[in-house]
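Line by line, the protein sequences are chains V and C. Heads up: the first sequence begins at 1 in full-length UniProt numbering, then just goes up one per residue. Heads up: the second sequence begins at 1 in full-length UniProt numbering, then just goes up one per residue. Using N, Cα and C, we set each Cβ at its ideal position, and we do this for glycine too. Predicted model only: the values in this text are computed from it and were never measured. For reference, the structure is listed below as structure tokens.
There are 2 protein chains.
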Amino acid sequence: MSTHGADLQLSPPTDTLSSVGEVEALKRIFPRLPASSGALLGPGDDAAVVAAPDARFVVTTDMMIHGPDFRLAWSTPHDLGWKAAITNLADVAAMGAVPSALVVAIAAPLDTPVATLEGIADGLRDACAAHAPGTGVVGGDLSVSNTLTLAVTAFGSLEGRKPVVRSGAAVGDTVAVAGELGRAGAGIWLLFAEGTSVLPTRPDKTAAPASEQLPEPEGQPDAELGRKLREQHPELVEAQLAPTSPLDAGRRAGTAGATAMLDVSDGLILDAGRIALASGVSIEFLHDAIEAEAESLRALDPVVGAQARDFVLCGGEDHAMLATFSSGAALPEGFRMIGVVTERAPGHPLVTVGGEAYVRPGGWDPFSDWNGATG
Amino acid sequence: MSTHGADLQLSPPTDTLSSVGEVEALKRIFPRLPASSGALLGPGDDAAVVAAPDARFVVTTDMMIHGPDFRLAWSTPHDLGWKAAITNLADVAAMGAVPSALVVAIAAPLDTPVATLEGIADGLRDACAAHAPGTGVVGGDLSVSNTLTLAVTAFGSLEGRKPVVRSGAAVGDTVAVAGELGRAGAGIWLLFAEGTSVLPTRPDKTAAPASEQLPEPEGQPDAELGRKLREQHPELVEAQLAPTSPLDAGRRAGTAGATAMLDVSDGLILDAGRIALASGVSIEFLHDAIEAEAESLRALDPVVGAQARDFVLCGGEDHAMLATFSSGAALPEGFRMIGVVTERAPGHPLVTVGGEAYVRPGGWDPFSDWNGATG
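Structure representation (structure tokens):
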């Protein structure tokens, strides 16, 4: 594990982007960033040069924006850098590739403490060191914006293998998952339910059974309440704010000949539907397997209660690897079977659970419902 | 020249990101984007796969943010896509590489018309078709933000050549430039001087000679005034809002063995200083060559007047290729000699013009002075 930059002090909070200037800010951020073992030419020129040993490279890009994607009241700067790295590296791994490098563009308000940017750099470094050693930042950009924004582009190498795309699942394949399900979704539910300073309300006329009463997207994210929740429910809240992803399982699935794969970003049902749609098949999750996932989430933290199954099936941002394998094949290390690929008959749903179509309980989604005025 | 997507209608202005939703917006933007001939796997999966024929790839990233980097009052959506493509491709070309692909992340307010996003896509497509045919968009991300933001990452191939870095200039080398100097700087000066709705003022006590009286960073960018300026001074205003860059000159310089190169983003003096600093040399611009550049800018548009020389030396964003070549070498097509590389004696400036250190006249810089409250 790289300790490059790990012992550097943070700048005092009075040093801001505008008070020290861009050049000095970059000078302080730079030594904290992880180096890439694949960089043939690193940062500092018009562009970097990165090795692509099998004459191809995998590339994905994703932005994180203050408001819809994170709240500074709940996420530390270290969380932001960590999450930006992991979410992008998970997309690389979901192709069956091994991460190699990142470029990172950050835009921040002028009054942003330099220590915030340093914390983001530390999070990038620590996520790479912990989950993708050798992967580093080969280039970047620092700009001014009224809205704190991170744009990360991640690269990887297929090491000569075929990319594992979404469209290769075949009838009879085994559906398997590596990593956790439902934790990050339960984490964001907890933060909105109990981490905001105005208590959520729901008009009686739309009252749902108690287990389905999700909070309204109201209230202001509260730093102190968020900290408390993180202490009380570390597994759930950390899965949301500083997620991990079984990146190496992606490579193992590629090596084992997975027929299709993606990382679970928007929930198991929705993401399985993407594989089913692209492959022209249906995906049937096994009742017992999903119950076991729900039971395991409930055992981890009883606060999820009767909603455990919904978090498992609908919770996003866990970045588990969801893959299909030919029925005869042994599952690679870290994968557990949770379903099978079936024929898609006319009118048949893309995804079923225990043979039934799954209907998500009424509720709100803090992301799709975000309106730019709150948080 | 690709006409892919070129005949698609824009959506009606009443269709916004929030009224049609992300999925539908992407569906409309997608067919307008340029395809990449180097894409082994295009958009639509967790990540794309791009060819890297010589087992390396060149990568650079740059954000454009509403406020510091552009104003919607002056730039059309097509301008934004065009400029985002060109500025990034120029960084690829400045390594001596040939552009191959882009990934594009856009974050926009919910009330953004879909037609704005379509216009950005059209600008990306038309810039690639005009200046880097075969280069296309292999992936992207669409998010919600209070601040319209474009983050582009561009890729290129060195075709087996060494990258042309900033640190290779040697004493005796010829300094040469391909492309235009001073136009984009004069364009932004014009826009701030005459394209804002409040006329700039300068207190008498700081009055400089007339030729140096640059406007204050005051006033609101005005769409109608901007349109008028673009009609009256098309070369200067378009160089700022929809720049071109001699991308192919970058490859030619690489092939011809340029010893150092960058694209002029922040002004000739400042960027030459970067080569000089990295190479441990000084750069001497020839008096007559700079006068000829200034004269040519004045001939193009007399509005630049006595400031022509300052625009040539300090104007940024022209994305000309500034390169050094061994003294015996023939300059590649499109390059003209403007200086020589000299020894850096102790206390000697990094860059001189006609043997003298250049001191920039007092003035403001709309970018470094941008404070987030205006525009």
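Is there contact between the stretch 317 to 329 of chain V and the stretch 248 to 261 of chain V, where contact requires at least three CB pairs shorter than 8 Å? The stretch 317 to 329 of chain V makes contact with the stretch 248 to 261 of chain V; the number of CB pairs closer than 8 Å reaches 3 or more.
Which of helix, strand or coil does DSSP assign to Arg309 of chain C? Arg309 of chain C falls in the helix class under three-state DSSP.
Is Met337 of chain V close to chain C? Criterion is C-beta to C-beta, closer than 8 Å. At a cut-off of 8 Å between beta carbons, Met337 of chain V makes no contact with chain C.
Mind reading off the beta-carbon distance from Met337 of chain C to Ala127 of chain C? Whole number of angstroms is fine, and I expect it under 8 Å. That belief does not hold up - the Cβ atoms of Met337 of chain C and Ala127 of chain C are roughly 29 Å apart, past 8 Å.
Classification of Gln232 of chain C by the beta-carbon crowding that lies within 10 angstroms, buried from 16 upward: Around the beta carbon of Gln232 of chain C, fewer than 16 other beta carbons sit within 10 angstroms, so the residue counts as exposed.
Can you check whether the C-beta of Met321 of chain V is within less than 8 Å of a C-beta belonging to chain C? Chain C contact via Cβ: absent.
Between Glu235 of chain C and the rest of its own chain, which residues show a CB-CB distance below 7 Å, the 5 nearest in sequence each way excluded? The beta carbon of Glu235 of chain C is closer than 7 Å to those of Arg183, Leu300 and Asp301 in its chain, skipping five residues each way along the sequence.
Who are the Cβ neighbours of Asp79 of chain V in its own chain at under 7 Å, not counting the five residues just before and after it? Cβ contact annotation for Asp79 of chain V (same chain, cutoff 7 Å, sequence separation greater than five): Gly123, Leu241 and Ala242, in chain order.
Give the residues from the stretch 224 to 249 of chain V that approach chain C closer than 8 Å (Cβ to any Cβ), ordered along the chain. Listed in sequence order: no entries.
Check for me: the alpha helix (DSSP H) holding Thr174 of chain C runs from which residue to which? Where Thr174 of chain C is concerned, there is no enclosing alpha helix (DSSP H), although the beta strand (DSSP E) it sits in stretches over Thr174 to Ala178.
Could you spell out where the alpha helix (DSSP H) holding residue 400 of chain V opens and where it closes? Chain V is shown only over 1 to 375; residue 400 of chain V falls outside these bounds and no answer can be derived.
Please decide whether Ser279 of chain C counts as near chain V, where near means a Cβ-Cβ distance under 8 Å. The Cβ of Ser279 of chain C sits no closer than 8 Å to any Cβ of chain V.
For Ser197 of chain C and Pro349 of chain C, what's the separation of their Cα atoms in angstroms? Counting only the Cα atoms, Pro349 of chain C lies some 41 Å from Ser197 of chain C.
On the CB-based measure, 16 or more other CB atoms within 10 Å of its CB, does Arg71 of chain C come out buried or exposed? Around the CB of Arg71 of chain C, 16 or more other CB atoms lie within 10 Å, so the residue is classed as buried.
Where does His131 of chain C fall in DSSP's three states? Looking at His131 of chain C - three-state DSSP - the assignment turns out to be helix.
Nearest residue (CA-CA) to Leu117 of chain V, options V:Gln307, V:Ala330 and V:Gln9: Nearest of V:Gln307, V:Ala330 and V:Gln9 to Leu117 of chain V, Cα basis: V:Gln9.
For Ser245 of chain C versus Ala90 of chain C, is the C-beta distance shorter than 8 Å? At a Cβ-Cβ threshold of 8 Å, Ser245 of chain C and Ala90 of chain C count as neighbours.
If I follow the unbroken beta strand (DSSP E) through Pro99 of chain V, where does it start and stop? Looking at the DSSP string, the run of the beta strand (DSSP E) that includes Pro99 of chain V is Val98 to Ala108.
When we look at the beta-carbon of Gln307 of chain C and count the other beta-carbons within 10 Å, is it buried (16 or more) or exposed? Counting of Cβ neighbours within 10 angstroms places Gln307 of chain C among the buried residues, the total reaching 16 or more.
Between the stretch 249 to 264 of chain C and chain V, which residues of the former have a C-beta closer than 7 Å to a C-beta of the latter? When C-beta distances to chain V are compared with 7 Å, the residues of the stretch 249 to 264 of chain C below that value are Leu262 and Asp263, in chain order.
How would you label Glu22 of chain V, buried or exposed, when you count the other beta carbons within 10 angstroms and need 16 or more for buried? Burial call: exposed.
Please name the residue in V:Gly96, V:Arg360, V:Trp82 and V:Leu148 whose C-alpha comes closest to that of Gly257 of chain V. Of the listed residues, the one whose Cα sits closest to Gly257 of chain V is V:Gly96.
With a threshold of 8 Å between beta carbons, is Ile290 of chain C in contact with chain V? No, Ile290 of chain C does not count as interfacial toward chain V.
Going by the beta-carbon positions, is the gap between Leu158 of chain V and Ile106 of chain V smaller than 8 Å? A distance of 8 Å or more separates the beta carbons of Leu158 of chain V and Ile106 of chain V.
Candidates V:Ser279, V:Ser326 and V:Cys314: closest to Glu343 of chain V by CA position: It is V:Ser279 whose Cα lies nearest to the Cα of Glu343 of chain V.
Any beta carbon of chain V sitting closer than 8 Å to that of Gly67 of chain C? Taking Cβ atoms only, chain V reaches closer than 8 Å to Gly67 of chain C, which makes this a yes.
What does a CB cutoff of less than 8 Å around Glu291 of chain C pick up in its chain, not counting 5 residues either side in sequence? Excluding sequence positions up to five before and after Glu291 of chain C, its CB lies within less than 8 Å of the CB of Arg309, all in the same chain and listed in chain order.
Note down the Cα distance separating Phe311 of chain C from Leu181 of chain C, rounded to an integer number of angstroms. For Phe311 of chain C and Leu181 of chain C, the distance between alpha carbons rounds to 8 Å.
Within the same chain, show all residues whose beta-carbon is closer than 6 Å to that of Glu293 of chain C, passing over the 5 residues directly before and after it, in chain order. If the five residues before and after Glu293 of chain C are omitted, its C-beta is found closer than 6 Å to the C-beta atoms of Leu181 and Val312, all from its own chain and listed in chain order.
For a contact defined as C-beta to C-beta under 8 Å, what are the partners of Leu89 of chain V on chain C? Those do not exist, as Leu89 of chain V stays about 10 Å from chain C at its closest Cβ, beyond 8 Å.
Cutoff 8 Å: Gly219 of chain V Cβ touching any chain C Cβ: No, no contact with chain C.
Nearest-angstrom Cα distance between Ile65 of chain C and Leu33 of chain V? Going by the C-alpha atoms only, they are around 24 Å apart.
List the residues that DSSP assigns as beta-bridge partners of Gly339 of chain V. In the DSSP secondary-structure assignment, Gly339 of chain V is bridged to V:Val175 and V:Phe285.
Kindly indicate which three-state DSSP category Pro113 of chain C falls into: helix, strand or coil? Pro113 of chain C falls in the strand class under three-state DSSP.
Is there at least one Cβ from chain C nearer than 8 Å to Asp46 of chain V's Cβ? Interface criterion met: the Cβ of Asp46 of chain V is under 8 Å from a Cβ in chain C.
So which residues of chain C does Arg56 of chain V contact, with C-beta pairs closer than 8 Å? Those within 8 Å of Arg56 of chain V in chain C are Leu40, Val49, Val50, Ala51 and Ala52.
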